[in-house]
């Protein structure tokens with residue numbers, strides 16, 4: 002089961018991070034967000050945390066290899082994909098208008 | 011079902027073939043296009059690959075059957091009854107007419123009176139029971155029921171794909187099931203989840219639907235991709251290039267597809283940043299798709315392809331799917347999407363993806379596996395003629411539909427005027443559509459004729475390397491006479507004698523010395539033999555239970571809620587009867603599994619097959635719970651008529667009941683299991699857990715007491731639903747705990763037979779943890795307010 006988790010956790014956490022950043026963006030545009038608190042820094046922090054989490058996972062998977070070469074290679078590739086996906090899919094927090 | 015969907019498609023093309031057509035009126039046309047989409051997506055695409063999987067997967071894995079054969083039967087009967095309901099509704103003019111995605115407020119009682127929309131909501135939800143059932147058993151079968159030595163790296167590539175798809179079903183279907191529950195509750199009881207003036211929001215439905223609907227596209231595509239990755243190397247007389255990369259691409263595609271749902275909602279006024287997230291994710295999925303396509307092209311390159319009929323259909327897939335993929339990338343670009351949203355361009359794109367990416371590979375799969383199913387070698391060559399009708403006919407149709415969409419023809423319009431300038435293009439599309447339909451009819455004739463009268467064939471006619479071809483054809487119901495030990499990805503190539511060895515009984519569990527149906531359970535990763543599982547015999551229970559389940563879902567169509575309640579009690583009773591037939595009242599000890607190995611029975615381990623099934627069913631349940639919390643947060647954040655007049659705040663007693671209840675639910679089953687391990691009675695632990703379930707239910711009920719009118723505001727309706735979720739799961743936990751009590755009393759538990767207590771522990775943990783989170787979500791706004 003550890004091998005199955007190794008293969009599935011990075012992408013699952015990408016999805017959680019992606020959804021979290023999207024939810025945060027929704028929150029910053031809602032009536033609940035304090036007017037004097039700027040949204041973009043909060044979103045940038047959310048993005049950075051999502052990327053950092055993936056980097057840590059990639060490091061952990063490379064540090065504690067699976068006995069199976071196939072599982073190790075594939076899980077490393079999937080962790081790298083998750084890192085790239087986290088960087089790419091939340092990049093709009095730095096590039097586009099927040100609530101327009 | 012494919013034929014029915016096809017006939018409905020031809021009715022649509024007949025209607026649109028000429029301007030101002032009098033062939034159908036708008037009411038009938040609305041039902042026809044809604045049912046075409048519904049039939050193709052829910053009644054054909056998913057059930058068809060699930061059926062192929064249930065039939066072929068055990069053979070591929072070298073095991074005797076799926077993990078839960080009775081669950082297969084139950085799912086089949088649920089599907090059949092649900093599908094029959096939809097078809098009867100169509101014949102009676104009671105079919106839904108709001109499009110296959112059923113957007114409110116069009117589907118509210120105000121704009122869709124009558125039971126047409128209810129038929130969709132209730133029957134489709136019922137059918138999804140079968141999809142969830144199949145998904146649970148596919149996951150458990152792939153992870154635990156394989157040939158010895160078939161480690162993750164040696165699994166047939168189709169097993170990887172279908173494992174990924176099954177997990178997707180478990181996580182994608184619950185949001186839609188929840189959406190259907192919310193909409194049906196609004197229609198039947200006036201709980202205002204989608205009514206803006208009462209704190210609801212119609213966009214919530216779109217989020218819940220597309221949280222399911224976009225992964226659904228990949229749920230449909232990936233099994234077909236698995237078939238291509240299986241068939242293509244055989245046709246090319248080589249092995250799959252980049253097995254690990256293809257597995258990685260399939261897993262990536264599956265998960266990334268969950269980050270795309272909003273790209274169906276680009277025109278709903280979502281802020282640009284939100285659109286950009288989903289545009290970025292939408293372009294990203296092209297990468298793993300391309301990895302697979304290049305792996306398949308590379309496989310062709312390194313092999314020596316032969317142009318048999320399955321290969322012809324795969325080439326049809328390449329030509330079609332790549333175009334569908336490219337138009338998908340176009341639609342991922344927001345400004346272009348705004349221009350063509352709800353036009354026939356989108357219709358053409360989705361047909362290129364679904365027919366090119368699913369139907370063509372599945373036709374290839376049917377022809378490829380036909381010898382296993384019929385035991386015959388194809389002789390009559392109607393299939394080749396059919397191919398040359400279907401593929402060109404399809405492209406004529408849908409290239410024209412692309413064009414007419416770019417010219418501005420909207421979807422779901424029942425007619426158009428001559429001066430719109432769409433007449434000739436539509437006529438061309440309709441002619442192409444009818445040619446395609448004739449081609450598909452020829453395929454049916456070809457398969458029927460060859461299945462009936464072609465000559466008997468030999469084993470493994472394609473020279474494949476995977477285990478499903480190691481049996482006699484047609485494959486026997488038990489698949490393998492003995493369970494082999496494999497040492498590579500292509501066992502038939504590694505050991506050409508393996509089919510004979512299996513038939514000779516040189517594998518595991520070759521002789522039925524214990525006079526029951528047994529199969530091997532292996533380790534998840536390395537596939538080392540772990541347990542001997544006992545499969546059930548033939549049983550009418552699944553059919554009876556499916557009928558009772560049908561009553562639960564369909565009686566509300568006639569407002570017969572009491573009948574539905576009685577049927578629910580019957581379902582519970584039958585489920586308990588079902589579970590009772592498992593297990594043993596004595597410890598059997600290690601069993602001779604053959605090849606000099608002794609293994610425990612699956613009844614005498616802490617993680618029996620039922621534990622694994624529960625684990626993955628609870629994954630679906632957790633997704634449902636997450637979707638409910640998402641809906642609550644969405645309304646709290648976005649819905650215009652929020653905040654409500656007041657929030658509910660808990661009393662000290664309510665909080666204590668919740669905390670103590672959850673703690674008792676967590677501790678009780680553990681105490682019971684520990685007592686069993688020490689050969690003591692588990693009664694104290696079980697009673698503690700039962701008391702915990704009662705306390706948590708009381709805490710949930712306090713919410714209902716505090717807000718007695720769920721029809722007044724979406725907040726109140728959501729609170730009722732959260733409380734209902736908690737109460738449902740504490741009740742389930744209590745039923746399971748009571749069942750374990752009776753089982754212990756009847757002698758079905760011992761110091762080694764603790765599996766059922768561990769299953770109860772899973773359900774109690776879930777009820778306790780989700781109960782605490784649900785109650786916290788209900789109470790926290792009131793606490794902070």
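Protein chains in written order, with my numbering: chain A, 2 to 101; chain B, 11 to 795.
Built from N, CA and C at the ideal position, the CB exists for glycine as well.
Please read all numbers here as calculations on a predicted model, not as lab measurements.
Proximal residues of chain A, C-beta to C-beta of residue i below 7 Å
i, result
"residue 820 of chain B", "Nothing can be reported for residue 820 of chain B: it is not among the residues displayed for chain B, which extend from 11 to 795."
"residue 294 of chain B", "86, 89 and 90"
"residue 647 of chain B", "27, 28, 31 and 33"
Within chain A, the residues that residue i reaches when beta carbons sit closer than 9 Å
i, result
"residue 281 of chain B", "26, 27, 30, 97, 98, 99, 100 and 101"
"residue 291 of chain B", "19, 86, 89 and 90"
"residue 168 of chain B", "By Cβ distance, chain A contributes nothing, its closest Cβ being about 17 Å from residue 168 of chain B, past 9 Å."
Straight-line gap, residue i to residue j (C-alpha atoms, nearest Å)
i, j, result
"residue 687 of chain B", "residue 143 of chain B", "32 Å"
"residue 93 of chain A", "residue 286 of chain B", "6 Å"
"residue 64 of chain B", "residue 602 of chain B", "28 Å"
"residue 147 of chain B", "residue 569 of chain B", "34 Å"
"residue 220 of chain B", "residue 421 of chain B", "18 Å"
"residue 637 of chain B", "residue 786 of chain B", "16 Å"
"residue 397 of chain B", "residue 567 of chain B", "43 Å"
"residue 121 of chain B", "residue 741 of chain B", "37 Å"
"residue 445 of chain B", "residue 611 of chain B", "56 Å"
"residue 117 of chain B", "residue 127 of chain B", "6 Å"
"residue 516 of chain B", "residue 494 of chain B", "8 Å"
"residue 278 of chain B", "residue 214 of chain B", "12 Å"
"residue 28 of chain B", "residue 355 of chain B", "19 Å"
"residue 163 of chain B", "residue 171 of chain B", "13 Å"
"residue 387 of chain B", "residue 465 of chain B", "6 Å"
Closest by C-alpha distance to residue i, when choosing among the options
i, options, result
"residue 539 of chain B", "B/115, B/529 and B/410", "B/529"
"residue 331 of chain B", "B/410, B/754, B/370 and B/514", "B/370"
"residue 4 of chain A", "B/265, B/711 and B/153", "B/153"
"residue 684 of chain B", "B/621, B/351 and B/761", "B/761"
"residue 475 of chain B", "B/464, B/486, B/506 and B/459", "B/506"
"residue 95 of chain B", "B/392, B/66, B/71 and B/45", "B/45"
"residue 6 of chain B", "B/711, B/320, B/438 and B/724", "This structure cannot speak to residue 6 of chain B, because chain B is shown only from 11 to 795."
"residue 342 of chain B", "B/353, B/298, B/328 and B/291", "B/291"
"residue 768 of chain B", "B/233, B/76, B/620 and B/384", "B/620"
"residue 604 of chain B", "B/93, B/57, B/693 and B/514", "B/514"
"residue 306 of chain B", "B/424, B/252, B/383 and B/413", "B/252"
"residue 714 of chain B", "B/728, B/703, B/385 and B/607", "B/728"
"residue 736 of chain B", "B/750, B/702, B/752 and B/748", "B/702"
"residue 357 of chain B", "B/218, B/158 and B/19", "B/19"
"residue 712 of chain B", "B/394, B/25, B/679 and B/668", "B/668"
"residue 261 of chain B", "B/137, B/209, B/168 and B/774", "B/168"
Chain-ordered neighbours of residue i on chain B, where CB pairs are closer than 9 Å
i, result
"residue 69 of chain A", "161, 162, 163, 535 and 536"
"residue 93 of chain A", "282, 283, 284, 285, 286, 287, 289 and 290"
"residue 57 of chain A", "What residue 57 of chain A touches in chain B: nothing, since even the nearest Cβ is about 18 Å away."
Proximal residues of chain B, C-beta to C-beta of residue i below 8 Å
i, result
"residue 78 of chain A", "254, 255 and 258"
"residue 1 of chain A", "In this structure chain A extends from 2 to 101, so residue 1 of chain A is not present and cannot be described."
"residue 72 of chain A", "162, 163 and 535"
Chain A residues whose Cβ lies nearer than 8 Å to that of residue i
i, result
"residue 268 of chain B", "16"
Residue i - partner residues in DSSP beta bridges
i, result
"residue 158 of chain B", "B/495"
"residue 466 of chain B", "B/386"
"residue 602 of chain B", "B/608"
"residue 353 of chain B", "B/420"
Listed by chain order, chain B residues near residue i by CB distance under 7 Å
i, result
"residue 12 of chain A", "261, 262 and 265"
"residue 8 of chain A", "261"
"residue 46 of chain A", "Chain B residues near residue 46 of chain A: none, gap ~15 Å exceeds 7 Å."
"residue 52 of chain A", "None at all; the shortest Cβ gap to chain B is about 14 Å."
If you scan the stretch 514 to 578 of chain B from start to end, which runs of the alpha helix (DSSP H) of 4 or more residues do you find wholly inside it? 551 to 564
Segments of 4+ residues assigned as alpha helix (DSSP H) that fall wholly inside the stretch 204 to 251 of chain B: 212 to 245
4 or more residues per run - each alpha helix (DSSP H) lying fully within the stretch 67 to 99 of chain A: Here the runs fully enclosed are 70 to 90 and 93 to 96.
Where in the stretch 609 to 672 of chain B do unbroken runs of the beta strand (DSSP E), each at least 3 residues long, occur, reported from the N-terminal end onward? none
Length at least 4, wholly inside the stretch 741 to 785 of chain B: the alpha helix (DSSP H) runs in chain order: none
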